Every structure is written in structure tokens, then in C-alpha cells.
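Residue numbers (this note's numbering): 5 to 237.
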């Protein structure tokens, strides 16, 4: 008797799950769920035109040939020669397993196993680049803007950098000098409109411990001439 009740209960639960799955499939993609799924992408991609990050901007993605976003120069040879055009079918395969679809590409994202989540995300991406490639203003997606380094104050404006043995001494426009182990100082360049003014690098925190910083220059050619090899003991 108990065994029959247990089998009946399990069968009922299975039927409910199958019905819910079928209902979701019939209901079509959910843009809100797709918007939430897109949060997995924002660290590397933007929906704004020419706003490239680790990966290219997704502005104008739909039906674009893979490896051809204007202004992005970090595509792998594998992706550029793939001949793919980004539509529902191609994006579904890509989002499921990028390396399986195009071996040797530079996408480090492992993929999304859930087919329903992929479907929702693809629908969101299509809507977000609708209206002739202009991101839709109705989707409520606020992307984090890159930090405008030109607007930082004296505490962040670097006036000199001295290197002695294994230490960087970084002096700011506020008159303060900070010492960092050389391995914890990241020397970077930002040539975008958000980068620092030429000849006026800035220092910003890097990491949560407070012992790591990035010094950002307006271009790579500025870095070596700015650093002085000087020991004052």
C-alpha cells in the first residue's frame, strides 16, 4: 500500500515538472529573465557602441559576421575565419559551449547549460540591439560606466615615480609619497576618452587589501620615461 502511494506521488511530481517545463517552452522567451542572464556578460561586454572591454561591444550584434565589430582588435584567428553570422541558432550553440563551436577562440566563458536560460538571453540580446542596431531604451539595463580618470583629484594624480631595488615610491599631487612592493604595482595605459590627460598618470586601488595599485598612463610610450631609477637612503 505504502509503495503504491509513493509511486503515485513520484509519478504526480514528475508530471507536474514536465508540465511546467512544457509550459515554459510554449510561453516563449522571457526578456526579464534574459536581462538577468545578461549580467553574466557585462564584465566583458557592453551594449553601447564602440564601448569595447575584454570582449567586443555587442552593439549591432544581430546578423553581424563574427569577428568584425568596428574598433575591436583582439579577435582570435579562429573566430575571424569561422564564417559565423550571429543569429538565434549560432548564438545558442555559442552560448552553450564557445570552445566546442569554435576551437581556439579567446572566449573564456565556459557556457550556459540551461537551454531555457540561453533562449531568454538570446531574446534579450536581439531586443537590446533592435531598432536598426540602436539599444532599446525600454529594457531597463543600466551598465556600469568606465571610470573617468580625468576627473580624479589630487590624491590620485601622480607627479613622480621612483624605483629603488624592489620598491616603487609614488608621489601624488597632494604631496604624499606611497611605497609599494614592485610586484604589487600594475602599470597600465588607457587611450580611451576616459583615460588620464597626457603626461598626468593617475593611481587607483587594485584589489581589496590596500597593498596593490594600478598607475594608469594616457599611452604606453609614457611609462618608461616617467619612472626614475633613484634610491635615496
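Built from N, CA and C at the ideal position, the CB exists for glycine as well.
Predicted, not measured: the structure shown is a model, and the values here were computed from it.
Go through its chain and collect everything with a Cβ distance to residue 94's Cβ below 7 Å, but skip five positions before and after it. 88
Go through its chain and collect everything with a Cβ distance to residue 155's Cβ below 8 Å, but skip five positions before and after it. none
Along the alpha helix (DSSP H) that carries residue 102, what are the first and last residues, could you check? 102-105
Which value, in whole angstroms, describes the spacing of the CA atoms of residue 223 and residue 204? In a straight line, the C-alpha of residue 223 is about 10 Å away from that of residue 204.
Check whether the Cβ atoms of residue 181 and residue 173 lie closer than 8 Å to each other. yes
For residue 217, does the count of other Cβ atoms within 10 angstroms reach 16, so buried, or fall short, so exposed? buried
Pick from 124, 36, 133, 40 that is closest to residue 52, judged by C-alpha positions: Selected option, being the one with the closest Cα: 133.
Which stretch, first to last residue, makes up the beta strand (DSSP E) that contains residue 231? Unbroken beta strand (DSSP E) run through residue 231: 231-233.
Compute the Euclidean distance between the alpha carbons of residue 176 and residue 191, then round it to the nearest angstrom. 15 Å
Are residue 70 and residue 83 touching if we call contact CB-CB under 8 Å? yes
Have a look at residue 185 and residue 198 and give me their C-alpha separation to the nearest angstrom. 27 Å
To which residues of the same chain is residue 92 closer than 8 Å at the C-beta, ignoring the five residues directly before and after it? 126, 130
Hey, which unbroken runs of the alpha helix (DSSP H) at 4 residues or more fall wholly within the segment 109-194? 119-132, 134-137
Go ahead and pull the three-state DSSP assignment for residue 205. coil
Cβ-Cβ distance between residue 80 and residue 108 below 8 Å: Cβ distance < 8 Å, so residue 80 and residue 108 count as in contact.
Give me the Cα-Cα distance between residue 230 and residue 165, rounded to the nearest whole angstrom. Rounded to whole angstroms, residue 230 to residue 165 spans 7 Å at the Cα level.
DSSP state of residue 84 mapped onto helix, strand, coil: helix
Could you tell me the distance, in whole angstroms, from the CA atom of residue 161 to the CA atom of residue 214? 17 Å
Identify, in the order they occur along the chain, each residue of the same chain with its Cβ nearer than 6 Å to the Cβ of residue 221, setting aside the five sequence neighbours on each side. Correct list, in chain order: 193, 205, 227.
Under 8 Å between the Cβ atoms of residue 117 and residue 41? no
Where residue 106 falls, given that 16 or more other Cβ within 10 Å makes a residue buried: It counts as buried.
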